[in-house]
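Enquirer: Just so you know, we're using the working numbering here: the sequence shown kicks off at 857 and counts up by one. The structure that follows is given in the form of structure tokens.
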Amino acid sequence: MSTQKREITLRFLSQPTDANFSGKVHGGTAMKWLDEAGYACASGWSGRYCVTAFVGNINFRQPISVGHLIELNARIIHTGKSSMYITVDLSSGETTSEQLTKAMHCIMVFVAIDENRASVQVPCWVPSSEEDLRLEKYALTIKELRESKKHELDLIMG
Ligand SMILES: CC(C)(COP(=O)(O)OP(=O)(O)OC[C@H]1O[C@@H](n2cnc3c(N)ncnc32)[C@H](O)[C@@H]1OP(=O)(O)O)[C@@H](O)C(=O)NCCC(=O)NCCS
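In structure tokens form, the structure reads like this:
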């Protein structure tokens, strides 16, 4: 069983420079934050440099305001040989408020690579709680959907 940390939380304030034309946080900026949190989680778990291989089920649930506290939570929910499935949630809210609201969610796949950019084995994550088993099922469902539809989608997109 691995002793690595499977979860990481990042907190910071959204800045005026993060705003789009309507004054809310730019969607692309928020996606970058999700990717950074996922990367920190994946590299921390594997002890390796990692690349993003896949992003799925990305949801923008509500706009994010400038000057709000941003909290990103990334956690390992499934490991393959060299791949790590990670859910990333973004919550935000007033710094004066006790509660943050979930604003975004996605699932990401990171792959650990070596100096030649070849994929390398990562420590195995073993689900133990009911919650962990539910989350691993989510990862495996996304994996199955991607693999079963890949050929079809490749045909459509050429
Ligand atoms: C991700 C990457 C290293 C995989 O390379 P590859 O030659 O397919 O490597 P492998 O065949 O050894 O597969 C490695 C793992 O990646 C997984 N994988 C590869 N592409 C994937 C995708 N699109 N979605 C999900 N998993 C993927 C494989 O299932 C495999 O998982 P496993 O080891 O747990 O069984 C390669 O496609 C790459 O470098 N992509 C570009 C990454 C990038 O630039 N990201 C943006 C900046 S970080």
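No residue lacks a Cβ here, since even glycine has one placed at the ideal position from N, Cα and C. Just so you know, these numbers come straight off a predicted model, no measurement behind them.
Output the distance between the C-alpha atoms of G900 and R862, rounded to the nearest integer angstrom.
Expert: Going from the Cα of G900 to the Cα of R862 covers about 8 Å.
Enquirer: Give every residue whose Cβ lies closer than 5 Å to any heavy atom of ligand 1, listed in chain order.
Expert: For ligand 1, the selected residues are V907, T908, A909, F910, G936, K937, S938, S939, V965, V967 and S975.
Enquirer: Is it buried or exposed, G942, if we count other Cβ atoms within 10 angstroms and call 16 or more buried?
Expert: The amino acid occupying residue 942 in the given sequence is Ile; Gly does not appear at that position. Buried is the call here.
Enquirer: Would M964 pass as a contact of S902 if the rule is Cβ separation under 8 Å?
Expert: Result no, Cβ atoms of M964 and S902 do not sit closer than 8 Å.
Enquirer: Put L996 into one of helix, strand or coil per three-state DSSP.
Expert: Looking at L996 - three-state DSSP - the assignment turns out to be helix.
Enquirer: Tell me which same chain residues have a C-beta within less than 8 Å of the C-beta of M1013, skipping the five on either side of it?
Expert: Excluding residues within five positions, none has a Cβ falling inside 8 Å.
Enquirer: Hey, how far is the Cα of E950 from the Cα of H924?
Expert: Rounded to whole angstroms, E950 to H924 spans 5 Å at the Cα level.
Enquirer: Taking only three categories from DSSP, how would you classify T885?
Expert: Looking at T885 - three-state DSSP - the assignment turns out to be helix.
Enquirer: Does DSSP put E987 in a helix, in a strand, or in coil?
Expert: Note: E987 maps to helix in three-state DSSP.
Enquirer: Which term fits S1004, buried or exposed, when burial requires 16 or more other beta carbons within 10 angstroms of its beta carbon?
Expert: By the neighbour-count rule (16 or more Cβ atoms within 10 Å), S1004 is not buried but exposed.
Enquirer: Comparing alpha-carbon positions, which option in P983, G879, S984 and T908 lies nearest L890?
Expert: Closest option to L890, Cα to Cα, is T908.
Enquirer: Taking buried to mean at least 16 other C-beta atoms within 10 Å of its own C-beta, is M857 buried or exposed?
Expert: Residue confidence is low: M857 scores 40 on pLDDT, short of 50, so the model does not pin down where it sits. Its coordinate-derived value is still stated next. Per the 10 Å Cβ criterion, exposed.
Enquirer: Compute the Euclidean distance between the alpha carbons of V944 and V982, then round it to the nearest angstrom.
Expert: Cα to Cα, V944 sits roughly 19 Å from V982.
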